[in-house]
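Below: the structure, in structure tokens.
There are 2 protein chains.
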Amino acid sequence: MAASFRRRGMHAPATFSLFVRALPSERGFLVACGLESCLEYLEGLAVGDDDLDALTALGLDDLTIEALAGLRFTGDVSAVPEGRVVHAGEPLLEVTAPIAEAQLAETYLLNQLTFATAIASKAARIRLAAGGRGLVDFAFRRTQGVEAAMTVARASAIVGFAATSDVEAARRFGLRASGTMAHSYVEAFDSEGEAFRAFAEDNPTNTVLLVDTYDAHTGVQRAIDVITRLGLGQTAGIRIDSGDLAALSREARRMLDAAGLTKTQIIASGGLDEYAIADLVAAGAPIDAFGVGTKMGVSEDAPSLESVYKLVAYDGRPVMKLQTGKATTPGPKQVFRGPSGDVIGLRDEAIPPGTEPLLIPVMEGGRRIHRESLDTARERFESDLNLLPETALHIRNPARVTVGMSPAAEALTTSVHKKLIGRGHASEV
Amino acid sequence: MAASFRRRGMHAPATFSLFVRALPSERGFLVACGLESCLEYLEGLAVGDDDLDALTALGLDDLTIEALAGLRFTGDVSAVPEGRVVHAGEPLLEVTAPIAEAQLAETYLLNQLTFATAIASKAARIRLAAGGRGLVDFAFRRTQGVEAAMTVARASAIVGFAATSDVEAARRFGLRASGTMAHSYVEAFDSEGEAFRAFAEDNPTNTVLLVDTYDAHTGVQRAIDVITRLGLGQTAGIRIDSGDLAALSREARRMLDAAGLTKTQIIASGGLDEYAIADLVAAGAPIDAFGVGTKMGVSEDAPSLESVYKLVAYDGRPVMKLQTGKATTPGPKQVFRGPSGDVIGLRDEAIPPGTEPLLIPVMEGGRRIHRESLDTARERFESDLNLLPETALHIRNPARVTVGMSPAAEALTTSVHKKLIGRGHASEV
């Protein structure tokens, strides 16, 4: 497609709008995430000689290859910054560039924003369920690839996870790495007590003993012996990874307290998600922190979002699709967030008094003009979370937030629709 | 953990076994996939100076850092080659190496084999549902990262997908790239007919016209005009991406045939998975090929597998875990496949006459000794598929295949279990 546009001299600017059409049933809101890698990608997007050789090898014809030579991204981008709470239909990102460039970026932009936003939104629900208890990302083992594990560690950190077991992600994004002990470590020693002693000696500042390799009750007792003997009561923890976590955590707390280890933390893990965590919290389980893995790492109940990248303007002309059930709204957009909620409007509308525009310029002429720390995204998420209606925060059956449409956007939709029908584009199927 | 093992001089060989504990409810079998990247990873696995610097920056202590210096993978690996049909409990891969090395590889091996196997297994079901019709991988836009898209293209090719829209994956793995036309292409032109003409002229050997941007009936008529005028009837196709695919494909077929375009193919896409495809095929929809995206690309109904990497032997001693509901079977293993099904046995058992061992040596002393083409994996899948009972092939409510355990493996489990209980490791919770 990109080659075809360029062969035909179609270099006019196009605006594409990337948004999520509808929310998965168990989501009351989304958390924008993934912009950072999109900006890196767009800044580096260029068709090089290697690419042309590869395309030739794939059998593309000379005219197509020639048309792509020299292509690089020269456009403008506006986007919702990371950590922001967003809703269905609100653009996460808009690209304005010569149409071939904007078209070529589609797959990567959709891929990155969809996945990171899906994970940040899932992790935010886990954060809500945990109600202030600690959270550690344990997902790396079963994410959909290594790159996915990095995205999960970063996205979960933005919504309040305290640490990750992914050492490479910790290094890359400046997160806290949290080492864990596996059942295999215990099994490699002649006895559980010996394994606990060895691990505690070698990890004195990060002693979390996994107590359920053989039997949790005996495991807790052995952990108490080691923690007491080495004087690690103030910093150590125990981890329970199976069985009835509510009952086992209560028993462990009782045993730890009876031994005077009132500061020793209890960490729970094993197939946890927001539903399981909410139940444990509701049951008053004395768990200090949760290790959350697979179900967050693949966003198990909604592993993708209904994201789209739609042409909304070409060569100054607003554009829309009429396809049954998938019609789009024409024109470059802005979202105005005010005390009475969000309104999707046109980009060139005046900002209504008392509202904040959600999309900000992040790239101009192919150069990024937006850089921020993970802490900034984290703070943005915290403050946005406070603005959400309580019903959108529910773990089960959350309510969607209604988003309005500005009169100008409504009027443009009506007029473009009429024009298309006038051109014979929309007889009923 | 790895550092702790090395600090304590625990260099004895350990065997870890990687397997899927239980199948997701809608899977009658799995397709082994992901070995290639595991072998590449293990061959390159070494702790370098950069890694040590990074760990120091993360706050690890000197003794830990020193213990990791010089570590590289020197072990042996046996594995089920790619494309093989496997079942719950059957090892996909076994690593035997000094315990620190084997432990360090856990996360990567689990990550890669779990995801690739999940996708190959999902794609295999789609392939079964399509019953010989063409399949094209359209998943890149919404996979969980770019690396994931490459894995999806490769895994789906092994189970019989004919092409991918992921040009980079096509280049990397030698697959057929299949360009597609988006709705935005149509919208960028003044009229649909003009867009079709331009696309057909620029892609004469790969003309697939997307007919539902405005209205499918009108779109098919305009496609017929262009295909006829340019004489592309033998090679061109039309694609329908929305609406009632069964009804629209029937209408399109009638219109194409009436215009003499009996060879022009109909491609359907839009939220397809094995269930939707099975329904379309059962309804007799005249669809020649399916473009399958998101639901395959994230394995939507089972985005992860219950995979584990368990220590089964250390320093010559068989090892098992007793943890409630998650007990493991000790000892290095082999799977014997014969006419009466699969039997999990011990690796050092004699191969029962008439059976084939599923695990083959793939690495020795840290060097890979197994390399094969994607075509070999593809052929292996085809022949394994023919051996499955018909009930395991069902799209809805597939039956699991029962896997036996050899008397020697049973006996070892009983004896290790007794020994652990004798050492006070397994009082009831």
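Chains as they are written, first to last, in the numbering used here: chain A, 1 to 429; chain B, 430 to 858.
Even for Gly, the Cβ is constructed at its ideal location relative to N, Cα and C.
Given residue i, which residues of its chain have a CB within under 6 Å of its CB, disregarding the five upstream and five downstream residues?
| i | result |
| --- | --- |
| Ala478/A | Lying outside 1 to 429, the shown extent of chain A, residue 478/A is not represented and no answer is given. |
| Tyr704/B | none |
| Leu248/A | Ala216, Ile240 |
| Val506/B | Val524, Val791, Met792 |
| Cys467/B | Leu538, Gln541 |
| Ala2/A | Ala100, Gln103, Leu104 |
Whose CA, out of the options, lies closest to the CA of residue i?
| i | options | result |
| --- | --- | --- |
| Lys333/A | Met10/A, Arg6/A, Leu18/A, Leu248/A | Leu18/A |
| Arg456/B | Phe590/B, Ala742/B, Leu497/B, Leu557/B | Leu557/B |
| Asp375/A | Glu82/A, Gly331/A, Ala350/A | Glu82/A |
| Ala54/A | Leu272/A, Ala69/A, Val220/A | Ala69/A |
| Ala531/B | Val741/B, Arg800/B, His823/B, Ala443/B | Ala443/B |
| Thr831/B | Ile706/B, Ser433/B, Gly518/B, Asp631/B | Gly518/B |
| Phe628/B | Ala67/A, Ser4/A, Ala392/A | Ser4/A |
| Gly193/A | Phe173/A, Tyr214/A, Arg176/A, Leu175/A | Tyr214/A |
| Ala307/A | Val319/A, Met10/A, Ala32/A, Ala2/A | Note on identity: in this sequence residue 307/A is Ser, with Ala being the wrong assignment. Measuring from the Cα of Ser307/A, the nearest candidate turns out to be Ala32/A. |
| Ala188/A | Leu822/B, Ser812/B, Met439/B, Gly851/B | Met439/B |
| Gly44/A | Thr391/A, Gly366/A, Arg400/A | Gly366/A |
In whole angstroms, what separates the C-alpha of residue i from that of residue j?
| i | j | result |
| --- | --- | --- |
| Thr723/B | Gly608/B | 17 Å |
| Val727/B | Thr664/B | 32 Å |
| Pro339/A | Ala545/B | 47 Å |
| Lys848/B | Val509/B | 31 Å |
| Ile773/B | Ile789/B | 14 Å |
| Thr485/B | Leu492/B | 11 Å |
| Ser191/A | Val514/B | 38 Å |
| Phe140/A | Ser165/A | 8 Å |
| Ser613/B | Ile695/B | 20 Å |
| Tyr309/A | Val362/A | 18 Å |
| Thr503/B | Leu471/B | 9 Å |
| Leu30/A | Asp673/B | 30 Å |
| Arg378/A | Ala586/B | 40 Å |
| Thr329/A | Asn635/B | 31 Å |
| Arg171/A | Val152/A | 14 Å |
| Leu232/A | Ala534/B | 30 Å |
| Ala169/A | Glu495/B | 22 Å |
| Ala475/B | Arg797/B | 15 Å |
| Ala148/A | Leu690/B | 45 Å |
| Thr413/A | Ile824/B | 43 Å |
Apart from the five residues on each side of it in sequence, which residues of its chain come closer than 7 Å, Cβ to Cβ, to residue i?
| i | result |
| --- | --- |
| Asp50/A | none |
| Phe196/A | Leu209, Arg222, Ala223, Val226 |
| Ala855/B | At Ala855/B the pLDDT is 49, less than 50, meaning the model places this residue with poor confidence and gives no usable figure here. |
| Arg776/B | Pro761, Lys762, Gln763 |
How would you write the range of the beta strand (DSSP E) that residue i sits in, first residue to last?
| i | result |
| --- | --- |
| Phe16/A | 13 to 20 |
| Val343/A | 341 to 346 |
| Ser736/B | 736 to 743 |
| Thr572/B | Taken as a continuous stretch (DSSP letters only), Thr572/B belongs to no beta strand (DSSP E), as it is neither H nor E. |
| Pro91/A | 91 to 98 |
| Ser678/B | No beta strand (DSSP E) contains Ser678/B, which is instead part of the alpha helix (DSSP H) from 674 to 687. |
| Ala69/A | Taken as a continuous stretch (DSSP letters only), Ala69/A belongs to no beta strand (DSSP E), as it is neither H nor E. |
| Val77/A | 76 to 79 |
Can you give me the start and stop residues for the alpha helix (DSSP H) that residue i sits inside?
| i | result |
| --- | --- |
| Tyr470/B | 464 to 473 |
| Leu817/B | Element bounds for Leu817/B: n/a, residue is neither H nor E. |
| Ile119/A | 106 to 130 |
| Gln694/B | Looking at the DSSP string, Gln694/B is not in any alpha helix (DSSP H); the run it does join, the beta strand (DSSP E), is 694 to 697. |
Count the other CB atoms within 10 Å of the CB of residue i; is the residue buried (16 or more) or exposed (fewer)?
| i | result |
| --- | --- |
| Gly291/A | buried |
| Pro376/B | Residue coverage of chain B in this structure runs from 430 to 858, which leaves residue 376/B outside it and unanswerable. |
| Ile548/B | buried |
| Lys122/A | buried |
| Arg435/B | buried |
| Arg682/B | buried |
| Glu469/B | exposed |
| Val449/B | buried |
| Pro303/A | buried |
| Leu701/B | buried |
| Ser844/B | exposed |
| Arg337/A | buried |
| Leu816/B | exposed |
| Arg371/A | exposed |
Excluding five sequence neighbours on each side, which residues of the same chain lie with their C-beta closer than 8 Å to the C-beta of residue i?
| i | result |
| --- | --- |
| Ala12/A | Pro98, Ile99, Tyr314, Asp315, Gly316 |
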